[in-house]
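Numbering (the working numbering), first residue to last: 2 to 328.
Just so it is clear, CB atoms sit at the ideal spot from N, CA and C, and this is done for glycine as well.
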Amino acid sequence: MSEPPGTAVSVTDAPPITDTPSKPLAAQRVLPLRRPGRWIATAVVVVLAAQFVHGLVTNPFYQWDRFGYWFLRPTVLDGLLITLEVAAYSAVLGLVGGVLLALARLSKSPVLRAVSWTYVWALRSIPLIVVLLFLYNFSALYKTLSLGVPFGPAFFSFDESRLATDMVIAVIGLSLNEAAYAAEVVRGGILSVDQGQHEAAAALGLPKGYQFRKIVFPQALRSIVPNYVNQLIGLIKGTSLVFYVSLLDLFGTVQSMGSTYPGDIVPLLLVATVWYLILTSAVSVVQFYVERHYARGATRSLPPTPLQKLRTGLTELRARIRREAAV
2 MSEPPGTAVS VTDAPPITDT PSKPLAAQRV LPLRRPGRWI ATAVVVVLAA QFVHGLVTNP
62 FYQWDRFGYW FLRPTVLDGL LITLEVAAYS AVLGLVGGVL LALARLSKSP VLRAVSWTYV
122 WALRSIPLIV VLLFLYNFSA LYKTLSLGVP FGPAFFSFDE SRLATDMVIA VIGLSLNEAA
182 YAAEVVRGGI LSVDQGQHEA AAALGLPKGY QFRKIVFPQA LRSIVPNYVN QLIGLIKGTS
242 LVFYVSLLDL FGTVQSMGST YPGDIVPLLL VATVWYLILT SAVSVVQFYV ERHYARGATR
302 SLPPTPLQKL RTGLTELRAR IRREAAV
């Protein structure tokens with residue numbers, strides 16, 4: 002019923018207006034933003050992954066019993082040892098050669114720059130299998146190698162066929178190929194160091210070699226390590242090509258056993274696959290800790306280790322469960 006004209010309305014008759022919420026702000030639950038697209042994508046990925054694992058486990062074609070039989074057989078482990086030896090020697094020699102080639106490429110000598118550029122250009126253009134096969138037949142071109150005065154007397158010579166064993170050929174071929182790629186990785190890392198670091202080291206009157214070893218190269222490693230580890234992983238997989246120069250590495254052993262036991266080809270290939278996964282995973286773990294070591298001084302806080310991430314995740318999960326229970 003409306004008030005007659007001229008009648009004043011008392012303020013006390015109106016409902017009270019308050020800005021105080023019904024619950025304290027800290028006690029109110031904050032609802033996260035709904036993202037249906039993310040949940041749908043997650044569900045699709047989980048279903049596909051579950052189907053893949055189910056097929057991998059239940060498909061009798063994989064012959065997991067034969068996989069278990071071959072996985073730790075002495076002949077497979079011998080091939081794995083050869084793979085590790087070839088990869089280790091080639092990685093060290095390739096990195097040393099890459100550093101020398103990178104320094105030559107950055108040198109002020111036009112001859113060193115030209116030779117380094119030509120080497121990198123040639124070895125990156127020629128397939129690795131061609132390099133290995135060429136070295137394997139190198140004795141047909143040069144039966145003896147000598148060192149002396151060009152077009153003059155030789156100081157000493159040796160029979161190339163006696164020294165060029167299958168292991169030596171594999172290591173040399175992989176090292177030559179690896180050095181070309183490592184040279185560009187190292188050169189890029191050196192160029193990534195701020196020019197002010199070079200100027201500051203030169204202003205202190207430090208020798209060039211000391212500047213490189215103690216100032217430039219440690220900073221360049223932050224950029225070199227991730228890229229070179231990619232090369233190292235490619236090198237581990239590239240060792241499978243040494244089978245074509247009669248060296249029975251992991252892949253060569255699997256191929257040989259597959260020819261002898263044709264019914265076990267698939268489990269033998271799975272054995273090689275799992276071992277390559279283990280090797281590359283181990284290299285990735287080492288990469289993480291090396292990057293973490295050289296990140297000191299470049300970041301405010303070091304990235305957490307996997308164990309620290311696990312502890313943090315468990316702590317956050319416990320806190321979330323307690324909040325849910327309190328609500």
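Query	Result
The stretch 83 to 99 touching the stretch 255 to 262, judged by at least three CB pairs closer than 8 Å	no
Candidates S241, P268, L142, of which the one nearest A88 by Cα	S241
Reference P75; option with closest CA among E179, R323, T313, V272	V272
Proximity to V267 [Cα-Cα], best of L49, Y277, W71	W71
Nearest candidate by alpha-carbon position, reference Y182, set A165, Y211, Q232	Q232
L129 and N178 closer than 8 Å at C-beta	yes
First through last residue of the alpha helix (DSSP H) which encompasses L249	Careful: L249 lies outside any alpha helix (DSSP H) and carries neither H nor E.
Nearest-angstrom Cα separation, counted from I234 out to V100	19 Å
Cβ distance (whole Å) where A184 is taken to contact R114 below 8 Å	That belief does not hold up - the Cβ atoms of A184 and R114 are roughly 12 Å apart, past 8 Å.
Limits of the unbroken alpha helix (DSSP H) element including D79	75 to 106
Continuous alpha helix (DSSP H) stretch holding L236: start and end	218 to 239
Simplified DSSP assignment, three categories, for T306	coil
Proximity to L269 [Cα-Cα], best of A42, L57, F68, I41	F68
Cβ neighbours of T281 in the same chain (closer than 7 Å, five flanking residues each side left out)	I234, I237
L207 versus E200 - alpha carbon distance	11 Å
Whole-number beta carbon distance between V246 and V133, since they are thought to touch under 8 Å	The amino acid at residue 133 is misidentified as Val; the sequence shows Leu. So it is a contact: roughly 5 Å between Cβ atoms.
For Y262, three-class secondary structure by DSSP	coil
Whole-angstrom distance between G56 and L49, CA atom to CA atom	11 Å
Residue from L311, V217, D265 whose Cα sits closest to the Cα of Y295	V217
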